[in-house]
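The opening position of the sequence shown corresponds to residue 41 in the numbering used here, with each subsequent residue numbered one higher. We put the CB at the ideal spot given by N, CA and C, even for glycine.
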Amino acid sequence: MRDQCLLIAGEKSGEEHALSFISELKQLKPDLHFFGVGGDELEKAGMELCYHLKDFSSFGFSEVIGKIPFYFRALKHLEAEVKRRQCKVAILIDFQDFNLKLAKRLKKNGVKVLYYVAPQAWAWKAGRAQVLEETVHTLFSILPFEKKWFSDRGVKKIVSVPHPLSLRYRDDLLKISEKPHELLKQKLKLLILPGSRNDEVRFLMPQFEQTIINLRKLIKTPIEVGLVRSSNVKDELWQMYSSQIDRVWQNEDLSKALSWAHLSLAASGTVTLATGLFQVPTVVAYQGSLLNQYIFETFVRYDKPISLTNLILGTRVFPEFIQERASAFNMTSALLELMTNKHEYDRVKSELSKLPKLLAGEDQPAHLMLKAFDEKNEASA
41 MRDQCLLIAG EKSGEEHALS FISELKQLKP DLHFFGVGGD ELEKAGMELC YHLKDFSSFG
101 FSEVIGKIPF YFRALKHLEA EVKRRQCKVA ILIDFQDFNL KLAKRLKKNG VKVLYYVAPQ
161 AWAWKAGRAQ VLEETVHTLF SILPFEKKWF SDRGVKKIVS VPHPLSLRYR DDLLKISEKP
221 HELLKQKLKL LILPGSRNDE VRFLMPQFEQ TIINLRKLIK TPIEVGLVRS SNVKDELWQM
281 YSSQIDRVWQ NEDLSKALSW AHLSLAASGT VTLATGLFQV PTVVAYQGSL LNQYIFETFV
341 RYDKPISLTN LILGTRVFPE FIQERASAFN MTSALLELMT NKHEYDRVKS ELSKLPKLLA
401 GEDQPAHLML KAFDEKNEAS A
């Protein structure tokens, strides 16, 4: 009988994280069968989907509220599947609001919870550290400062592992070619990364498109614009903004797109760390509904950078524009600064070169996960 493992990757970034370890884990334990929440790429890797991550997609606080009934039905259904399959180990990836509720249910059912990508409790809701200590068998930290932060707050079983992006793109990162500032004067290759959610693309693409138009008017240098599109986003949305795009990559070809690009314009999210690892200077933007802005400003006390690259490096290497500041004017100005100021471009590239060492981690996730299955088998022997 195959060992059953519940895997929850409720966001596109979570699916990408899972892909960084799932093949190695299956090599170490060939009889392992994954079921749960994921996307097309995890399904191709052999996972049985109970839900597609598209079903879980929501952007901002107000959109989440509308999906609460669905989330509770999913919690109940997944708990029932765990019991039916006699599953004893679960891997929950990020997606903290849903996964922490699920972790409590799994703990009551005797399931070992491996929580991969620690919740950002250091940003807000620090009390979640106690919830993790009470419900999680092992917490996997992927950011360099997290292990100490959680340990100081009582989380005992926490391990530091390489960031999944550095694992997934390990071979590609060895092949990065130098892109000196002089190349930008010959032909600018600008990569657009507007996100993987419909609302995210709907909010940001009008400003991104106007930024491209502005640049083409203001500079004589030829500009080639590339776009990475997610299969989670409706085709009609992409078609609305296709007139300024010269070439398109699918999300699974992100590494090819980043290897091509000189500069990037990106939605805030995990992808900004990918641009950092590939040493592509990036202008970062976030824009949501006015209700989301009100809730965030009223209830959340957070004054740190929004992009992972800036957060890890401890300084604002990438320009960041949030809500009304995420205008075409501001983003055009920031990109022009990188295009015309060699000193600033070189400074950014130099800072980005520090990322691989900071994200190296201490242990390999697949080997640590295997221990949970081995412990289970020993206990049942």
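Under the DSSP definition of a beta bridge, which residues are partnered with residue i?
{"i": "residue 152", "result": "129"}
{"i": "residue 293", "result": "Bridge partners of residue 293: none, in fact."}
{"i": "residue 200", "result": "181"}
{"i": "residue 322", "result": "304"}
{"i": "residue 458", "result": "There is simply no residue 458 to check, as the chain begins at 41 and stops at 421 in what is shown."}
{"i": "residue 73", "result": "44"}
{"i": "residue 361", "result": "325"}
{"i": "residue 216", "result": "Its beta-bridge partners do not exist; DSSP assigns none."}
{"i": "residue 81", "result": "Answer by DSSP bridge pairing: none, since residue 81 is not bridged."}
{"i": "residue 88", "result": "75"}
{"i": "residue 231", "result": "266 and 304"}
Hey, residue i and residue j: beta-carbon distance below 7 Å or not?
{"i": "residue 297", "j": "residue 324", "result": "no"}
{"i": "residue 161", "j": "residue 181", "result": "no"}
{"i": "residue 317", "j": "residue 395", "result": "yes"}
{"i": "residue 108", "j": "residue 47", "result": "no"}
{"i": "residue 50", "j": "residue 96", "result": "yes"}
{"i": "residue 265", "j": "residue 253", "result": "no"}
{"i": "residue 270", "j": "residue 291", "result": "yes"}
{"i": "residue 322", "j": "residue 304", "result": "yes"}
{"i": "residue 208", "j": "residue 60", "result": "yes"}
{"i": "residue 346", "j": "residue 326", "result": "yes"}
{"i": "residue 73", "j": "residue 42", "result": "yes"}
{"i": "residue 78", "j": "residue 68", "result": "no"}
{"i": "residue 169", "j": "residue 145", "result": "no"}
{"i": "residue 412", "j": "residue 152", "result": "yes"}
{"i": "residue 361", "j": "residue 370", "result": "yes"}
{"i": "residue 202", "j": "residue 398", "result": "no"}
{"i": "residue 272", "j": "residue 94", "result": "yes"}
{"i": "residue 213", "j": "residue 263", "result": "no"}
{"i": "residue 409", "j": "residue 118", "result": "no"}
{"i": "residue 129", "j": "residue 45", "result": "yes"}
{"i": "residue 377", "j": "residue 384", "result": "yes"}
{"i": "residue 285", "j": "residue 267", "result": "yes"}
{"i": "residue 222", "j": "residue 195", "result": "no"}
For the putative contact between residue i and residue j, defined by C-beta atoms under 8 Å, what is the C-beta separation to the nearest angstrom?
{"i": "residue 199", "j": "residue 175", "result": "Actually they do not touch by this definition, with Cβ atoms about 16 Å apart."}
{"i": "residue 233", "j": "residue 379", "result": "Between residue 379 and residue 233 the Cβ distance is about 18 Å, and since that is not below 8 Å, they are no contact."}
{"i": "residue 134", "j": "residue 76", "result": "Actually they are not in contact, since the Cβ atoms of residue 134 and residue 76 sit about 14 Å apart, beyond 8 Å."}
{"i": "residue 91", "j": "residue 120", "result": "With a Cβ gap of about 13 Å, residue 91 and residue 120 do not count as contacting."}
{"i": "residue 240", "j": "residue 281", "result": "Contact flag wrong, Cβ pair sits at about 13 Å."}
{"i": "residue 313", "j": "residue 205", "result": "6 Å"}
{"i": "residue 301", "j": "residue 320", "result": "5 Å"}
{"i": "residue 348", "j": "residue 310", "result": "7 Å"}
{"i": "residue 171", "j": "residue 140", "result": "6 Å"}
{"i": "residue 247", "j": "residue 374", "result": "Going by Cβ atoms, the distance from residue 247 to residue 374 rounds to 12 Å, so no, they are not a contact pair."}
Should residue i go down as buried or exposed, given a rule of 16 or more other Cβ atoms within 10 Å for buried?
{"i": "residue 393", "result": "exposed"}
{"i": "residue 167", "result": "exposed"}
{"i": "residue 405", "result": "buried"}
{"i": "residue 62", "result": "buried"}
{"i": "residue 52", "result": "buried"}
{"i": "residue 126", "result": "exposed"}
{"i": "residue 344", "result": "exposed"}
{"i": "residue 381", "result": "exposed"}
{"i": "residue 279", "result": "exposed"}
{"i": "residue 57", "result": "buried"}
{"i": "residue 401", "result": "buried"}
{"i": "residue 86", "result": "exposed"}
{"i": "residue 236", "result": "buried"}
{"i": "residue 228", "result": "buried"}
{"i": "residue 190", "result": "buried"}
{"i": "residue 84", "result": "exposed"}
{"i": "residue 136", "result": "buried"}
{"i": "residue 150", "result": "exposed"}
{"i": "residue 355", "result": "exposed"}
{"i": "residue 106", "result": "exposed"}
{"i": "residue 217", "result": "exposed"}
Taking 6 Å as the cut-off, is the beta-carbon of residue i closer than that to any non-hydrogen atom of the ligand NAP?
{"i": "residue 267", "result": "This structure lacks the ligand NAP; in fact it carries no ligand of any kind."}
Let me know the beta strand (DSSP E) ranges lying completely inside the stretch 140–194, each 3 residues or longer, listed in chain order.
-> 152–156 and 178–181
Completely contained alpha helix (DSSP H) runs for the stretch 247–290, where each covers 4 or more residues = Fully enclosed alpha helix (DSSP H) runs of 4 or longer: 275–280.
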